[in-house]
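For reference, the structure is listed below as structure tokens.
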Amino acid sequence: MKSKHWPISRLLLMVVLLAACQPTPTPPSTIAPSPTTAADAIPLYKDAGRPPAARAQDLLSRMTLAEKIGQMTQVEKDSIKPEDITTKFIGSLLSGGGGSPSPNTPAAWYDMVAKFQTRALQTRLGIPLIYGVDAVHGHNNVAGATIFPHNIGLGATRDADLVQRIGRATAEEMTATGIRWNFAPVVAAPQDIRWGRTYEGYSENTDLVVSLGTALVRGLQGDNLAAAPAVLATPKHFIGDGATTWGTSRTEQYKLDQGDTQMDEATLRARFLPPYQAAVDAGALSIMASFSSWNGVKMHAQKYLLSDVLKGELGFQGFIVSDWGAIDQIATDYRQAVVAAINAGVDMNMVPQQYDRFITTLTQAVEAGDVPQARIDDAVRRILIVKFALGLFENPLPPDPDARAVGSEAHRALAREAVRKSLVLLKNDNAALPLAKDTPLIFLAGQAANDIGTQCGGWTITWQGSDGAITTGVTLLDGIRATVSPAAQVQFNRFGKFDAVTGADGKPAIADVGIVVLAEAPYAEGVGDRADLRLSEADAGLLERVRGQSRKLVVILLSGRPLVITEHLAASDAFVAAWLPGTEGQGVADVLFGDFPFEGKTPFSWPRSNEQIPFDFANLPAAGCAAPLFPFGYGLDASAGGPLILPECPTPTN
0 MKSKHWPISR LLLMVVLLAA CQPTPTPPST IAPSPTTAAD AIPLYKDAGR PPAARAQDLL
60 SRMTLAEKIG QMTQVEKDSI KPEDITTKFI GSLLSGGGGS PSPNTPAAWY DMVAKFQTRA
120 LQTRLGIPLI YGVDAVHGHN NVAGATIFPH NIGLGATRDA DLVQRIGRAT AEEMTATGIR
180 WNFAPVVAAP QDIRWGRTYE GYSENTDLVV SLGTALVRGL QGDNLAAAPA VLATPKHFIG
240 DGATTWGTSR TEQYKLDQGD TQMDEATLRA RFLPPYQAAV DAGALSIMAS FSSWNGVKMH
300 AQKYLLSDVL KGELGFQGFI VSDWGAIDQI ATDYRQAVVA AINAGVDMNM VPQQYDRFIT
360 TLTQAVEAGD VPQARIDDAV RRILIVKFAL GLFENPLPPD PDARAVGSEA HRALAREAVR
420 KSLVLLKNDN AALPLAKDTP LIFLAGQAAN DIGTQCGGWT ITWQGSDGAI TTGVTLLDGI
480 RATVSPAAQV QFNRFGKFDA VTGADGKPAI ADVGIVVLAE APYAEGVGDR ADLRLSEADA
540 GLLERVRGQS RKLVVILLSG RPLVITEHLA ASDAFVAAWL PGTEGQGVAD VLFGDFPFEG
600 KTPFSWPRSN EQIPFDFANL PAAGCAAPLF PFGYGLDASA GGPLILPECP TPTN
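Next up, the structure:
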């Protein structure tokens, strides 16, 4: 049974009723009366048979400066006064990480967006809102949604068809909640894995980023952007955000995130421009500018890159949206920052909170001639074209949404497939894997083995994510217990303390197989910038403890990037990189116990020590102690025989 959401007819009725119950606002003196001639009884912009560009131009010709600047303003949903959507002509709202309604259900999401949209439709020209979210690995702000592996895991699959199907599933879950705009995918090619956003990138390899980033755009947008469940994709963050220099960030305690990309233009173009060209060619109509700088100048003020290269050279016809409050970082003088960003080519400002200040500042700048009217018109035209292309004027909300799409069995099966294909087998000595389902005694250790929040990582329900049962899903422990035969005994202790498990002789038992799950705690963005990528002492101690109580030891690493594991590889018989798999932990068990093969390949070069990071890819040896521990594209098949042989290298000093 479909959930009871408002059909469009009911939405329009509500508009009429609300309008009748409220005093009609006095139009500003700058608003011209709507045309009333018989020939113009149905304005061209309301004719769905006309092309989006023609409709946008007609609507633009009817708009006041206040209405135009309202369209350029995007406000965080908890910061907006609902009546201001109407009186200030606000063009867009968003939910930031964790910006959910209460209760956090698909129905509540839809009703929230519907109420905001109702306010927008009360404006003189009836221009609908466009509502955006960061659905970066599924519709990850919504409790009960399917959480797919983060992009680093999808990069390990190298499967563009899979990524496109994930994009379509994400779009289906988004439209079920009334939302048509996704701030994804990240198409950075991270060059320094100490960056806290590494897991949002598919790979260090530009070609792989092109392939998978374009696939997600196609999956989200489909063949017809106006036909639900299509949603607007947003490749981000233009440009060079994955190559900032350590210590150059000016934001809080960040070290890399929002820092300075220091390189010549030829290198910038070669490494980071191809994913954007491919996305534009695939139909992307929204691109987000980067918080970062290029050679000391904030990207939001880079007119050459935003206007000349992206809009001109690449032929981008959509609109550029700022990142969260990023315009503010251009200069300490707010007016100077706004003028620089809008003149550089930013079309919509994710304010996100102090929208009155932005509207007033930009209005004054236009009236003073600091921002040309032509630049305002270009920005608004671009925004309107996208709204028409999305069909928002005909369907301000997705019609007849089905909440059953959120977390559906079909989507969870797809996520489970993605988990299986993402696992990278780094080591498999002594034929440790695959495991036999009837293994008599298995010790499973590590907090993350039974923690949905940890295995999902950041950008899950909240911005930073958190540990614990934050949403529904299958933990690794659940998956293992569901896979083994009744003859097998699985003992779980998060601390790896199994002395209470005894054998027939009454002494502490020795497991046939020990499985240790090591993990990074959840993080997002610059909060995750981390200089030391070695395992913690607690993780190392856990590994050694279980090693002493097991005949064979399998290590599963949950992380948003490769970690320094060189010292600890020898303690394991098998070592698996599982990245941040999301809600469907059963996919890990599927491969551990041999129902499916290991297919994943490392999407990033794996460091031998902290001293190697960042890699000098132009001069990277293929062998020896200066080479990566595991190169880009490495991954074993469980059937491969022979022990892992590494070169004899000095013990790392850091």
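Here the sequence shown stands for residues 0 to 653, numbered as in numbering that gives the first Met the number 0. We put the CB at the ideal spot given by N, CA and C, even for glycine.
Cβ distance (whole Å) where residue i is taken to contact residue j below 8 Å
| i | j | result |
| --- | --- | --- |
| Tyr-198 | Leu-579 | 6 Å |
| Leu-542 | His-567 | 6 Å |
| Thr-247 | Asp-259 | 4 Å |
| Leu-655 | Thr-362 | Outside the displayed range of the chain (0 to 653) lies residue 655, so it cannot be described from this structure. |
| Ser-571 | Val-587 | Contact flag wrong, Cβ pair sits at about 16 Å. |
| Phe-442 | Gly-525 | Contact doesn't hold; Cβ gap of about 37 Å is too wide. |
| Leu-383 | Leu-58 | 6 Å |
| Thr-582 | Ile-479 | That pair is no contact at about 16 Å. |
Reduced DSSP category for residue i - H, G, I as helix; E, B as strand; rest coil
| i | result |
| --- | --- |
| Thr-205 | helix |
| Tyr-198 | helix |
| Tyr-354 | helix |
| Glu-303 | For clarity, residue 303 is Tyr in the given sequence; the question names Glu instead. Reduced to three states, the DSSP call for Tyr-303 is helix. |
| His-567 | helix |
| Tyr-130 | strand |
| Ile-469 | coil |
| Val-587 | helix |
| Pro-642 | coil |
| Ile-151 | helix |
| Trp-293 | strand |
| Val-185 | strand |
| Ala-40 | coil |
| Arg-123 | coil |
| Lys-67 | helix |
| Glu-647 | coil |
| Gln-73 | strand |
| Thr-145 | coil |
| Asp-256 | coil |
Unbroken beta strand (DSSP E) run spanning residue i, endpoints
| i | result |
| --- | --- |
| Phe-491 | 488-492 |
| Met-287 | 285-288 |
| Val-575 | 573-578 |
| Glu-82 | No beta strand (DSSP E) holds Glu-82; the alpha helix (DSSP H) holding it covers 81-86. |
| Arg-550 | 549-557 |
| Val-320 | 318-320 |
Per-residue burial, residue i [other beta carbons within 10 Å of its own, 16 or more giving buried]
| i | result |
| --- | --- |
| Lys-80 | exposed |
| Gln-252 | exposed |
| Ala-40 | exposed |
| Arg-560 | buried |
| Thr-470 | buried |
| Glu-66 | buried |
| Thr-501 | exposed |
| Pro-100 | buried |
| Thr-25 | In this predicted model, Thr-25 has a pLDDT of only 35, less than 50, meaning its place in the structure is not dependable; the value taken from the coordinates is given anyway. Classification of Thr-25: exposed, given that the 10 Å Cβ count is below 16. |
| Thr-331 | exposed |
| Pro-649 | exposed |
| Pro-606 | buried |
| Asn-294 | exposed |
Start-to-end residues for the alpha helix (DSSP H) that takes in residue i
| i | result |
| --- | --- |
| Val-516 | Where Val-516 is concerned, there is no enclosing alpha helix (DSSP H), although the beta strand (DSSP E) it sits in stretches over 510-518. |
| Glu-264 | 264-271 |
| His-410 | 408-421 |
| Ser-91 | Here Ser-91 belongs to no alpha helix (DSSP H); instead the beta strand (DSSP E) covers 91-94. |
| Lys-45 | Unbroken run through Lys-45: none, as it is neither H nor E. |
Rounded separation between residue i and residue j - CA only
| i | j | result |
| --- | --- | --- |
| Val-575 | Ala-159 | 23 Å |
| Gly-368 | Arg-381 | 21 Å |
| Ala-336 | Thr-359 | 14 Å |
| Ile-192 | Leu-552 | 27 Å |
| Glu-366 | Ile-319 | 23 Å |
| Leu-635 | Asn-427 | 8 Å |
| Arg-550 | Leu-425 | 19 Å |
| Asn-348 | Asp-322 | 8 Å |
| Arg-9 | Ala-113 | Confidence in Arg-9 is poor, its pLDDT being 42 and thus under 50, which makes the residue's placement unreliable; the coordinate value appears in the next sentence. One C-alpha to the other measures close to 10 Å. |
| Lys-436 | Met-71 | 58 Å |
| Val-162 | Ala-503 | 50 Å |
| Ile-84 | Arg-167 | 30 Å |
| Pro-507 | Gln-611 | 42 Å |
| Asn-532 | Ala-417 | Correcting the residue type first, residue 532 is Leu in the shown sequence and not Asn. The alpha-carbon atoms of Leu-532 and Ala-417 are separated by roughly 26 Å. |
| Leu-476 | Ala-175 | 31 Å |
| Gln-257 | Pro-439 | 51 Å |
| Ala-144 | Tyr-44 | 36 Å |
| Pro-395 | Leu-389 | 9 Å |
| Pro-371 | Glu-82 | 29 Å |
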